[in-house]
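Engineer: First the structure, then my questions, so here it is.
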Amino acid sequence: TYDVRVSNMKDNKVDAVQRWVDLMANEGVNFVVNANVKSDPTYSIKQLRIDNDVVILAVGSTKPRDKTKNQLGIGPETALDSLMLAFE
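Just so you know, we're using my numbering here: the sequence shown kicks off at 1084 and counts up by one.
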């Protein structure tokens, strides 16, 4: 079971998010949290692409970033297909 806690959310919203996370985990989705994709070779973008059919990299930010620039700080692998910002 994965426990996802989102700050500044009411309990009923946190419970709803947790239900979705549980459903996805039960379907085989593997959640890796607090991984440093820049310095840990186990979780490098290259290795994640080799080991998985789909990779979703989610990061938190208080302001939108320019996705045409390397602002994620994870090296040249930021030239990913289907990069989408949450603020779009």
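We put the beta carbon where it would ideally sit given N, CA and C, even for glycine.
#1: Look at the Cβ atom of Val1120, then the Cβ atom of Ile1128, and state whether they are nearer than 8 Å.
#2: Could you tell me the alpha carbon to alpha carbon distance between Trp1103 and Asn1095, rounded to whole angstroms?
#3: Helix, strand or coil for Leu1131 per DSSP?
#4: Given this structure, state the Cα-to-Cα distance separating Asp1123 from Val1112, to the nearest angstrom.
Structural biologist: The relevant details are as follows:
#1: As a position in the sequence shown, residue 1120 is number 37, starting the count at 1. As a position in the sequence shown, residue 1128 is number 45, starting the count at 1. Yes, these two residues count as a Cβ contact at 8 Å.
#2: Within the sequence shown, residue 1103 is the residue found at index 20, counting from 1. Within the sequence shown, residue 1095 is the residue found at index 12, counting from 1. Computed Cα separation, rounded: 13 Å.
#3: Working through the sequence shown from its first residue, we reach residue 1131 at position 48. Three-state DSSP puts Leu1131 in a helix.
#4: The residue given as residue 1123 occupies position 40 in the sequence shown. The residue given as residue 1112 occupies position 29 in the sequence shown. Rounded to whole angstroms, the gap between the alpha carbons of Asp1123 and Val1112 is 21 Å.
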